[in-house]
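Residue numbers (our numbering), protein chains in the order written: chain A, 32 to 152; chain B, 135 to 373.
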Amino acid sequence: MAAAPTAESVRGALLRYRVMAFVVGTTLLLFCVAIILKYVTRTIESDSVVAIAHGWLFMIYVLLGLDLGFRMRWSWGRLLLMTASGMVPFLSFYAERKVAGWVRDELGAPAAAAPAQPADS
Amino acid sequence: MLMTRRWLGLTLSMLALILAFGALSWWQWQRAQRAEVVAPVAAAEVLGLAPLAPTAYATAVELSGTFDAAHQVLVKHSDTVFWVVTPLVPANGVAVPVARATVTSPDDPAVAAVTSGIVSIVGIAQPYEGDPGVAVSLPPGQVDRLTARSLALPYPSVGGWVALTSQTPEASVTATAVVAPISGDAPAGLRLQNASYAVQWVLFAAFVVFFWWRLLRDDLRGAGVDRPREAVAPVREVY
């Protein structure tokens, strides 16, 4: 997060965020399966391993989301939305595409043709 | 700039979030240290006429019956440590010796405080102590170790005994419980999952502070200073 992040650094941050969104989304689904196996069918005794893994991966996901959001100077409401989407099964997969779309919209166009940005806060 | 209404609101929100996350962390930390609660099983499932199987040592058991005060013994471990062991006779007639209390002298009021009527107990199943077969002369009603032979019951009893944890109705005299010599898998360890969550809540609180600091820094510098180069066109009011 240098003084003036370039498009390249934003793209790097976006890639990290997208990878982590996929990992967290998948782990969250695994966690849901583990909870069902533990409390509903009672086939496994403990879901701790998945729970702990998901906890720390989610932590990294939030960090990477904040990093990307800061670079894009997004509103805190949007950052909150990004963070929260990691807690809902399946939603992180959708959020990850949505976020990539935001970055594309704001950054993807050639510099000369950068359109006037509507305030999103 | 710090005195604006927006910054007052942001700072108060930050403090509220830190307090909330701190409380959540503390809650998880408490949960991480709680003891494992093992539901007791019916005593008959593990305590039969045969000696208690090693796999059943330290099992939490429950049963109901009546205490037979006439066949109570004091197991003398030292001059100041006596276990009060009373047979509890359930409906099937096979008695279960229950170590009700540990007392410092045979005159302790807990010794005579045998609850009458049907009593439901929860305790920890234990194997009999080793029997070297050496006679020790002790006053009547006292034995030197807890074995089937030293109890000398005139009716059948199970191949083990139970260290009392709780009974219903409660005894008229509150006494020190006998600590089961063989305890279950130590639940003293930290629960990793909750300990992990406790650490994470603290880190989330740190994120909040960092976030607040970022907003403050950006505000002081003026919005748009480190916007991506490609999108500098209009300086927009962010946040």
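Think of the CB as a built atom: it goes at the ideal place given N, C-alpha and C, for glycine as much as any other residue. Computed from a predicted model, the values in this text were never measured in an experiment.
**Asked** Is there at least one Cβ from chain A nearer than 8 Å to Q334/B's Cβ?
**Response** Reading the second sequence from its first residue, position 200 is the one you call residue 334/B. Closer than 8 Å to some Cβ of chain A, the Cβ of Q334/B qualifies, so yes.
**Prompt:** Around the C-beta of E137/A, are 16 or more other C-beta atoms found within 10 angstroms, so that it is buried, or is it exposed?
**Reply:** Mapped onto the first sequence, residue 137/A falls at position 106. Buried, because 16 or more other Cβ atoms sit within 10 Å of the Cβ of E137/A.
**Request:** Specify the secondary structure class of A131/A as computed by DSSP and reduced to three states.
**Result:** Here residue 131/A corresponds to residue number 100 of the first sequence, with the count starting at 1. Helix.
**Asked** Would the beta-carbon of A332/B fall within 8 Å of that of W163/B?
**Response** Residue 332/B sits at position 198 when you count from the first residue of the second sequence. Residue 163/B sits at position 29 when you count from the first residue of the second sequence. Contact flag set, yes.
**Message:** Quick test of your reading: S254/B and T302/B, contact by CB under 8 Å. State the CB separation rounded to the nearest angstrom.
**Reply:** Counted from its first residue, the second sequence places residue 254/B at position 120. Counted from its first residue, the second sequence places residue 302/B at position 168. Confirmed, about 5 Å.
**Prompt:** Would DSSP call G257/B helix, strand or coil?
**Reply:** Reading the second sequence from its first residue, position 123 is the one you call residue 257/B. Three-state result, G257/B: strand.
**Message:** According to DSSP, is W105/A part of a helix, a strand, or is it coil?
**Reply:** Residue mapping note: residue 105/A aligns to position 74 of the first sequence, counting from 1. W105/A: coil per DSSP, three-state reduction.
**Asked** Looking at G275/B and V207/B, is the spacing between their C-beta atoms short of 8 Å?
**Response** Looking up residue 207/B in the second sequence gives position 73. Looking up residue 275/B in the second sequence gives position 141. Yes. Within cutoff.
**Request:** Could you list which residues in chain B have their beta carbon closer than 8 Å to that of V93/A, in chain order?
**Result:** Residue mapping note: residue 93/A aligns to position 62 of the first sequence, counting from 1. By Cβ distance, chain B contributes F338, F341.
**Message:** So, at 8 Å on beta carbons, what are the nonlocal neighbours of G117/A in its own chain, with the 5 sequence-adjacent residues on each side left out?
**Reply:** Walking along the first sequence from the start, residue 117/A turns up at place 86. These residues qualify, in order along the chain: A52, V55, G56, L59, F89, Y92, V93, G96, S123, A126.
**Prompt:** Buried or exposed: which applies to Y48/A, given that a residue is buried once 16 or more other Cβ atoms fall within 10 Å of its Cβ?
**Reply:** In the first sequence, the residue the question calls residue 48/A occupies position 17. Classification of Y48/A: buried, given that the 10 Å Cβ count is 16 or more.
**Request:** Find the nearest neighbour of G227/B within the set K210/B, A244/B, S198/B, judged by alpha-carbon distance.
**Result:** By 1-based counting over the second sequence, the position of residue 227/B is 93. Taking only the C-alpha atoms, the option nearest G227/B is S198/B.
**Message:** Would you say I83/A lies against chain B (beta-carbon separation less than 8 Å)?
**Reply:** The count along the first sequence starts at 1 and reaches residue 83/A at position 52. With 8 Å as the cut-off, I83/A counts as an interface residue toward chain B.
**Message:** With three or more C-beta pairs closer than 8 Å as the rule, is the region 238-246 of chain B touching the region 207-220 of chain B?
**Reply:** yes
**Asked** Taking 8 Å as the CB-CB cut-off, is Q162/B touching chain A?
**Response** By one-based count along the second sequence, residue 162/B stands at place 28. It does not: the Cβ of Q162/B has no partner Cβ on chain A nearer than 8 Å.
**Item:** Helix, strand or coil at L379/B [DSSP, three-state]
**Value:** What is shown of chain B runs 135 to 373, which leaves residue 379/B out entirely.
**Asked** With burial defined as no fewer than 16 other Cβ atoms inside 10 Å of the residue's Cβ, what is the status of F101/A: buried or exposed?
**Response** Counted from its first residue, the first sequence places residue 101/A at position 70. Buried.
**Request:** Within its chain, find whatever has a CB closer than 6 Å to the CB of S284/B; leave out the 5 residues flanking it on each side and keep chain order.
**Result:** As a position in the second sequence, residue 284/B is number 150, starting the count at 1. Closer than 6 Å at Cβ, skipping near neighbours: V277.
**Request:** List the residues of chain B that L60/A touches, going by C-beta distances under 9 Å, in chain order.
**Result:** Indexing the first sequence from 1 puts residue 60/A at position 29. Those do not exist, as L60/A stays about 18 Å from chain B at its closest Cβ, beyond 9 Å.
**Request:** Could you tell me the distance, in whole angstroms, from the CA atom of A131/A to the CA atom of S40/A?
**Result:** Here residue 131/A is taken as the residue at index 100 of the first sequence, counted from 1. Here residue 40/A is taken as the residue at index 9 of the first sequence, counted from 1. Roughly 14 Å separates the two Cα atoms.
**Prompt:** Do we get a CB-CB distance below 8 Å when we pair M158/A with the residues of chain B?
**Reply:** Beyond the ends of chain A as shown, which are 32 and 152, falls residue 158/A; an answer cannot be given.
**Asked** Which residues in the same chain have their Cβ closer than 8 Å to the Cβ of T236/B, if we skip the five residues on either side of it in sequence?
**Response** Locating residue 236/B in the second sequence gives position 102, where the first residue counts as 1. Contacts found: V215, F216, W217, V218, A309, T310, A311, V312, V313.
**Request:** Determine the contact status of A259/B and T193/B, defining contact as a CB-CB distance below 8 Å.
**Result:** Stepping through the second sequence from its first residue, residue 259/B is reached at position 125. Stepping through the second sequence from its first residue, residue 193/B is reached at position 59. Yes.
**Prompt:** Alpha carbon to alpha carbon, how far is G143/B from A305/B?
**Reply:** The residue you call residue 143/B lines up with position 9 of the second sequence. The residue you call residue 305/B lines up with position 171 of the second sequence. Cα to Cα, the separation comes out at about 58 Å.
**Request:** Would you kindly work out how many angstroms separate the C-alpha atoms of L222/B and V175/B, rounded to a whole number?
**Result:** Your numbering for residue 222/B matches position 88 in the second sequence. Your numbering for residue 175/B matches position 41 in the second sequence. C-alpha separation (whole angstroms): 17 Å.
**Request:** Please state whether DSSP places I67/A in a helix, a strand or coil.
**Result:** In the first sequence, the residue the question calls residue 67/A occupies position 36. It is helical.
**Asked** If you run the structure through DSSP and keep just helix, strand and coil, what is V304/B?
**Response** Numbered from its first residue, the second sequence carries residue 304/B at position 170. What sits at residue 304/B in the sequence shown is Glu, not Val. Coil at E304/B, not helix or strand.
**Prompt:** Does Q327/B come within less than 8 Å of chain A when only Cβ atoms are used?
**Reply:** Sequence index remark: in the second sequence, residue 327/B carries index 193 (1-based). So, interface residue.
**Request:** Determine whether the Cβ of R348/B lies closer than 8 Å to any Cβ atom of chain A.
**Result:** Counting from 1 along the second sequence, the entry for residue 348/B is found at position 214. So yes, R348/B belongs to the interface.
**Message:** Just to confirm my understanding: we take S159/B, look at its own chain, exclude 5 residues before and 5 after, and list those with CB closer than 6 Å. What are they?
**Reply:** Residue 159/B sits at position 25 when you count from the first residue of the second sequence. Taken in chain order, the residues that qualify are A332, W335, V336.
**Message:** With the cut-off set at 8 Å, would you say V209/B and L280/B are in Cβ contact?
**Reply:** Within the second sequence, the letter at position 75 stands for residue 209/B. Within the second sequence, the letter at position 146 stands for residue 280/B. Closer than 8 Å, so yes.
**Minimum Cβ-Cβ distance from L97/A to chain B less than 8 Å** = Residue mapping note: residue 97/A aligns to position 66 of the first sequence, counting from 1. With 8 Å as the cut-off, L97/A counts as an interface residue toward chain B.
**Item:** Limits of the beta strand (DSSP E) - the one that R73/A falls within
**Value:** Numbered from 1 along the first sequence, position 42 holds the residue referred to as residue 73/A. Element bounds for R73/A: n/a, residue is neither H nor E.
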